[in-house]
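For the sequence shown, the residue numbers in our numbering are 1024 to 1503.
We put the CB at the ideal spot given by N, CA and C, even for glycine.
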Amino acid sequence: MEDKFQKTENVQEEVIGIKGMHCKSCAELIETKLKLLKGVEKAKVSYIEEKAFIAFDKKQVNFNDIKREIESSGYKVSAVDTTVDNKLEKIDFGEVEKEIESSSYEINNKNDSEDVEPKKSRGIKQGIIYGLIPHTGCIAFIVATIFGVTAATEFFKPLLLNPYFFYILIGLSFTSATISALVYLKKQDFIIFRKVDDGTEISFSEGIIRRKWKYLSTLYGTTIGVNLLLFMVIFPLLANVSLASSSVTGALLANINPNSISSLNLKVDIPCSGHAPLISDGLKSINGVISVQFSLPNIFDVKYDSSKTTKEQILALDVFNTYKATVLSESYAQSSNSNNNQVIYANNNGNSNSNLATVTNGVQVIQLSVQGANYYPNPIRVKKDIPVQLIADINNMPGCSKSIVIPEFGITKSVSTSDNKIEFTPSKSGTFQFSCSMGMYLGQIIVEEVDGSVAAYTGSTPVTSGGSCGGSSGGCGCGG
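So this is what it looks like as structure tokens:
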């Protein structure tokens, strides 16, 4: 083997630009094929520089033959440098031949599609793996919950109860992707480590981003895409699935008195939707909880039997010590034994002591609906000088019951799906009547003093009763 190339008068030198190389194997393939071409004395193909340095006997082969050989493998000759001056003497052809001899691939078994695969397929596969890493605990917990595998569920629960576990895995996901990218770029000679006197020197080849942006974008794009798919689609869907408890839930609903069903709308500070099954599983473990429905980003709608459990018992769940739960809204059953911090939908026996509104953020909130010809709760009990917010249940308010008149507080408003709130501040104590605009639906508001007493004052009277549906005077209740 010659260590140095000896130029003769018949030898022509060319530096050829080559486009379409995806990795070192591409350069090795071109280099080996050129080496086997009759008349080519020496060849060196640089994947990093995208160039081929060639010395050939112009009596045996010409430039067009070399070009055809390169392009026959699917690559493109992009430019030719005809001003070469002793460039080949600077090339270590001995090292080139060592690389060729140590190469493990065979020309006849290589093709271009195999060279493209490491960039695209590898990036996608690695992106999927690194995208799944931060959710391994969540996925395992969800699977165990769906199929009722108690032992597995209990094993993964402590991991999900660690508030930093999710962020650690997210960091691990992108760290792993970055390490993988560095290793890949190192193998392709885009990153070079050199030993120097005082340590190791790291250098990056020019054009690293331009040459490998597809691989890098595929790797990180897939990692991010898998995370978004899990966050926005898969976890929210699976959070509301539980094969193990479906039969139990059906049996439970069959034995529940509809008048005892209450609900809570909770906002829970979970780090991601993958933790939703942890919250749902904990809530469903409470005796009396009927159903739990999760919605993005962190909202849980809980329905429960108020004869078996209470809001306080639900909020005392251990998981809420780690992930704080905030009550956004609540409604209580018609027959529940209520106290002064509950919101009541309705109470058919008219016991006014059970209908005092809840004060939430300084506002007395009442869920308003219609039963028969009356507004419910009936009566509504509120405190004097504290703002009141009536939230109309539009689905349970037919016809002109949506048009509400409260004369004593100057209220005349038609509620709708987009605007279902009536707000006022009662400045006087007493018992006040209100109705729909046609006087067909009636309601009553009792305003208490701070000490709970009620003044013997009835205020203005409601609109008088109008005609019925189909009558000559029009009337109310003729439509939704």
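Any beta carbon of chain C sitting closer than 8 Å to that of residue i?
| i | result |
| --- | --- |
| T1333 | In summary, chain C is missing from the structure at hand, where a single protein chain is found. |
Determine which residues share a DSSP beta bridge with residue i and list them.
| i | result |
| --- | --- |
| D1080 | V1034 |
| N1443 | None; N1443 has no bridge partner. |
| V1206 | Paired residue(s): none; V1206 is not in a bridge. |
| Q1412 | V1388 and E1446 |
| I1193 | Its beta-bridge partners do not exist; DSSP assigns none. |
| C1459 | I1427 |
| D1292 | According to DSSP, D1292 bridges with nothing at all. |
| A1479 | A1479 is not bridged to any residue. |
| V1382 | Q1387 |
| L1287 | V1325 and E1353 |
| A1075 | I1039 and V1068 |
Taking the Cβ atom as the reference point for each residue, do residue i and residue j lie within a distance shorter than 8 Å?
| i | j | result |
| --- | --- | --- |
| F1455 | T1481 | yes |
| S1101 | I1041 | yes |
| S1392 | S1329 | no |
| E1446 | V1411 | yes |
| K1326 | S1314 | yes |
| N1515 | I1414 | Since the first and last residues shown for the chain are 1024 and 1503, residue 1515 lies out of range. |
| D1324 | S1285 | no |
| Q1316 | N1397 | no |
| N1310 | L1351 | no |
| L1059 | A1075 | no |
| S1226 | I1215 | yes |
| A1200 | T1246 | yes |
| V1063 | F1086 | no |
| T1349 | L1184 | no |
| L1340 | G1395 | no |
Residue i lies in the alpha helix (DSSP H); which residues open and close that run?
| i | result |
| --- | --- |
| I1469 | From DSSP, I1469 is part of no alpha helix (DSSP H) but of the beta strand (DSSP E) over L1465 to E1471. |
| S1303 | A1299 to K1307 |
| A1050 | K1047 to L1059 |
| V1219 | Taken as a continuous stretch (DSSP letters only), V1219 belongs to no alpha helix (DSSP H), being part of the beta strand (DSSP E) at I1214 to V1219. |
| I1093 | F1086 to E1094 |
| I1337 | K1334 to L1338 |
From residue i to residue j, what does the alpha carbon distance come to, in whole angstroms?
| i | j | result |
| --- | --- | --- |
| L1205 | H1298 | 32 Å |
| E1032 | I1039 | 20 Å |
| G1043 | P1300 | 48 Å |
| L1251 | Y1207 | 25 Å |
| L1319 | I1302 | 13 Å |
| E1036 | T1198 | 46 Å |
| V1068 | G1222 | 30 Å |
| G1462 | S1354 | 27 Å |
| L1239 | F1213 | 13 Å |
| V1291 | P1400 | 29 Å |
| V1084 | K1065 | 13 Å |
| T1383 | K1237 | 53 Å |
| I1071 | K1099 | 16 Å |
| K1209 | D1088 | 34 Å |
| G1433 | P1449 | 10 Å |
| V1034 | G1248 | 54 Å |
| I1417 | S1460 | 16 Å |
| L1379 | S1452 | 14 Å |
| P1421 | V1438 | 11 Å |
| S1048 | E1224 | 26 Å |
| T1332 | P1294 | 28 Å |
| V1342 | I1322 | 15 Å |
| Y1243 | Y1187 | 23 Å |
| N1362 | L1338 | Only weak support is given to the placement of N1362: the predicted model assigns it a pLDDT of 40, under 50, and the value that follows is read from those uncertain coordinates. Going by the C-alpha atoms only, they are around 17 Å apart. |
| K1061 | E1073 | 23 Å |
| V1271 | K1334 | At V1271 the pLDDT is 44, less than 50, meaning the model places this residue with poor confidence; the figure from the coordinates comes in the next sentence. Distance between the alpha carbons of V1271 and K1334 is about 22 Å. |
| V1312 | L1260 | 20 Å |
| Y1464 | I1257 | 46 Å |
| L1193 | S1424 | Reading off the sequence, residue 1193 comes out as Ile, not Leu. Looking at the two C-alpha atoms, the distance is approximately 52 Å. |
| S1441 | F1457 | 23 Å |
| V1386 | S1196 | 45 Å |
Could you give the first and the last residue of the continuous beta strand (DSSP E) run that contains residue i?
| i | result |
| --- | --- |
| N1397 | N1397 to Y1399 |
| I1225 | G1222 to F1227 |
| T1435 | I1434 to S1437 |
| V1504 | Outside the shown range of the chain (1024 to 1503) lies residue 1504, about which nothing can therefore be said. |
| E1064 | V1063 to S1069 |
| I1313 | V1312 to S1318 |
| I1403 | I1403 to K1406 |
Inset, instruction - Determine contact between the region 1053–1061 and the region 1086–1103, defined as no fewer than three beta-carbon pairs at a distance below 8 Å. - result: Taking a cut-off of 8 Å for Cβ pairs, the region 1053–1061 and the region 1086–1103 touch, as three or more such pairs fall below it.
Legend entry - Touch test, the region 1469–1479 against the region 1391–1409, Cβ-Cβ under 8 Å, three pairs minimum: They touch, by the three-pair rule.
Legend entry - Given 8 Å, three or more beta-carbon pairs between the region 1458–1471 and the region 1414–1431: Result yes; three or more Cβ-Cβ pairs closer than 8 Å.
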